[in-house]
Amino acid sequence: MSTLIHVEKLKKYYPVLGGVFKRKVAEVKAVDNVTLTIHKGECFGLVGESGCGKTTLGKTILRLLDANGGYIFLGAPEKVIKEITSLDMQIDEARKKKVSKRELLVLTRRLNELRREYDLTAFGGQKLKLLRKRMQIVYQDPTTSLDPRMLVKDIVAEPLIVQGIAKGASARERVIKTLESVGLSVNQLYRYPHEFSGGQRQRVAIARAIVTQPEFLVLDEPTSAVDVSVRAQLLNLFEKLRKDFDLTYLFVSHDLSVVECISDRVAVMYLGKIVEYAYTEEIFKNTLHPYAQALIGSVPIPDPTKRRERAPLKGEVPSPINPPSGCRFHPRCPLAMDICRREEPMLVDVGNSHYVACYAVSG
Ligand SMILES: Nc1ncnc2c1ncn2[C@@H]1O[C@H](COP(=O)(O)OP(=O)(O)O)[C@@H](O)[C@H]1O
Ligand SMILES: [Mg+2]
Numbered sequence: 115m116s117t118l119i120h121v122e123k124l125k126k127y128y129p130v131l132g133g134v135f136k137r138k139v140a141e142v143k144a145v146d147n148v149t150l151t152i153h154k155g156e157c158f159g160l161v162g163e164s165g166c167g168k169t170t171l172g173k174t175i176l177r178l179l180d181a182n183g184g185y186i187f188l189g190a191p192e193k194v195i196k197e198i199t200s201l202d203m204q205i206d207e208a209r210k211k212k213v214s215k216r217e218l219l220v221l222t223r224r225l226n227e228l229r230r231e232y233d234l235t236a237f238g239g240q241k242l243k244l245l246r247k248r249m250q251i252v253y254q255d256p257t258t259s260l261d262p263r264m265l266v267k268d269i270v271a272e273p274l275i276v277q278g279i280a281k282g283a284s285a286r287e288r289v290i291k292t293l294e295s296v297g298l299s300v301n302q303l304y305r306y307p308h309e310f311s312g313g314q315r316q317r318v319a320i321a322r323a324i325v326t327q328p329e330f331l332v333l334d335e336p337t338s339a340v341d342v343s344v345r346a347q348l349l350n351l352f353e354k355l356r357k358d359f360d361l362t363y364l365f366v367s368h369d370l371s372v373v374e375c376i377s378d379r380v381a382v383m384y385l386g387k388i389v390e391y392a393y394t395e396e397i398f399k400n401t402l403h404p405y406a407q408a409l410i411g412s413v414p415i416p417d418p419t420k421r422r423e424r425a426p427l428k429g430e431v432p433s434p435i436n437p438p439s440g441c442r443f444h445p446r447c448p449l450a451m452d453i454c455r456r457e458e459p460m461l462v463d464v465g466n467s468h469y470v471a472c473y474a475v476s477g
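First residue of the sequence shown? That's 115 in my numbering, and the numbers climb one at a time after it.
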């Protein structure tokens, strides 16, 4: 299993502006110190209640939003990722110990050299533009994500032209091939988005996302705006495209049954943090984090003789502007202990490649 995406200590804070001069008065910590690895070829599911930072995480990985800290790697050698994370740690340590400026400078110089080459958060200009070809996004609602005044042929061809990959007849040929691969046809080239059904419109959006032959797609609630029968067809299409084009997905959803059916692994997010992740079967069978238990326990399961254990969720999601101290879930947690209020739990491997950030569960 090789790593396609690795995100290290990623942060995305939105400024909250206030006062007459619209100064920054606070920050929404939408993504706060997220570290995760997505393997090449897998579908990595990301779940959590609305507002917990799923979209922000996806868009920050794609560099559609600028990170406030951390690192993002796409297809970087493991050796480089290790060196960068170790340099980052060494610099942190060195600052605390107040080592000589020279020593710090050597470390920082090496880190910056590697970051310019491999860390997406340090990319700009042409390097950033090239990323668009390799990573794309499909949004929840194609009615707002597709330009209503453009013909399908232009919507799908646009990334090819902007990226300078193809134009004219060769672009047209590629557009037709791509439309066919998503279940549309050449007859639909001269139509506008509003002439399609919701499911077909989403297929146009998918065609646009894959026309440049990317390696990685963020699918942000891509089946939430369509009804159940269309949802199943789209999920099948995502499966087929993943195999046919060697794609890797970050599949964002608040619908656990969808994530369960399509993902290889699943991560649960709460208030800007990943609190648990594991292989899909493992996490659904052996849910550990009290928040994940409440979330997963609330999914209806098809077999009426079986019932998932459910822990009740108290209260509302707190504001990410002033998140609770220690474990962010402690005010709503039935298992909260003293330490949970004071110290933030780290993700710990509990075996079976199952990680959980909870003192009550992992000690
Ligand atoms: N452009 C923005 N400016 C300020 N706050 C934002 C912005 N976009 C999202 N947020 C806030 O960031 C948090 C995470 O939002 P989002 O990533 O959309 O969550 P999700 O996709 O899980 O519903 C929420 O509290 C949301 O209100
Ligand atoms: Mg969202």
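Glycine is no exception: its CB is placed at the ideal position from the N, C-alpha and C atoms.
Only a predicted model underlies this, so the values are computations on that prediction, with no experimental measurement involved.
Cβ neighbour criterion (16 or more within 10 Å) applied to residue 308: exposed
Using only the heavy atoms of ligand 1, determine whether one of them is closer than 6 Å to the beta carbon of residue 169. Yes, Cβ of residue 169 sits closer than 6 Å to a heavy atom of ligand 1.
Under the three-state reduction of DSSP, which class applies to residue 130: helix, strand or coil? strand
Look at residue 208 and residue 124 and say whether their C-beta atoms are less than 7 Å apart. no
Helix, strand or coil for residue 291 per DSSP? Here residue 291 sits in helix by DSSP.
Where the alpha helix (DSSP H) through residue 203 begins and ends: 192–211
Buried or exposed (CB count within 10 angstroms, at least 16 for buried), residue 233: By the neighbour-count criterion, in which a residue is buried when 16 or more other Cβ atoms sit within 10 angstroms of its Cβ, residue 233 is buried.
Is residue 250 near residue 323, with beta carbons less than 7 Å apart? yes
Check whether residue 379 and residue 393 have beta carbons under 7 Å apart: yes
What did DSSP end up calling residue 411 once you bin it into helix, strand or coil? helix
Residue 297 versus residue 370: straight-line alpha-carbon distance, rounded: 26 Å
Rounded straight-line distance, which links the Cα of residue 353 to that of residue 189: Distance between the alpha carbons of residue 189 and residue 353: 22 Å.
Where the alpha helix (DSSP H) through residue 231 begins and ends: 215–232
Whole-Å CB distance - residue 252 paired with residue 320, under 8 Å assumed: 6 Å
Is residue 402 buried or exposed, if buried means 16 or more other CB atoms sit within 10 Å of its CB? buried
Residue 390 burial status per 10 Å Cβ neighbour count (16 or more: buried): buried
State the Cα-Cα distance for the pair residue 143 and residue 129, rounded to the nearest angstrom. 9 Å
Return the Cβ separation of residue 161 and residue 121 in integer angstroms, given the expectation that the two are a contact with Cβ distance under 8 Å. About 17 Å separates the two Cβ atoms, so there is no contact after all.
Ordered along the chain, which non-local residues of its own chain (more than five positions away) have a Cβ less than 7 Å from that of residue 446? 427, 428 and 429
Rounded to a whole number of angstroms, what is the C-alpha to C-alpha distance between residue 258 and residue 315? 11 Å
Less than 6 Å between the CB of residue 384 and some heavy atom of ligand 1, yes or no? no
How many Å lie between residue 204 and residue 331 at the Cα? 33 Å
Does ligand 1 have even one heavy atom less than 6 Å from the beta-carbon of residue 142? Because some heavy atom of ligand 1 lies under 6 Å away, the Cβ of residue 142 counts as near it: yes.
Hey, would you say the C-beta of residue 447 is under 6 Å away from at least one heavy atom of ligand 1? no
Should the stretch 182–202 be regarded as contacting the stretch 226–241, the criterion being three or more beta carbon pairs within less than 8 Å? Short answer: they touch.
Could you check if residue 128 belongs to the surroundings of ligand 1, using beta carbon to heavy atom distance under 6 Å? Under cutoff, so the answer is yes.
What residue range does the alpha helix (DSSP H) around residue 398 cover? 394–399
Comparing alpha-carbon positions, which option in 372, 360 and 476 lies nearest residue 453? Residue 476 is the option with its Cα nearest to residue 453.
Own chain, CB closer than 7 Å to residue 449, minus 5 neighbours either side, in chain order: 404 and 474
Determine whether the beta carbon atoms of residue 240 and residue 339 lie at a separation below 7 Å. no
So the beta strand (DSSP E) residue 476 belongs to, where does it begin and stop? Note, residue 476: premise wrong, no beta strand (DSSP E); alpha helix (DSSP H) at 473–476.
Could you tell me which whole beta strand (DSSP E) segments of length 3 or greater appear in the stretch 301–365? 330–334
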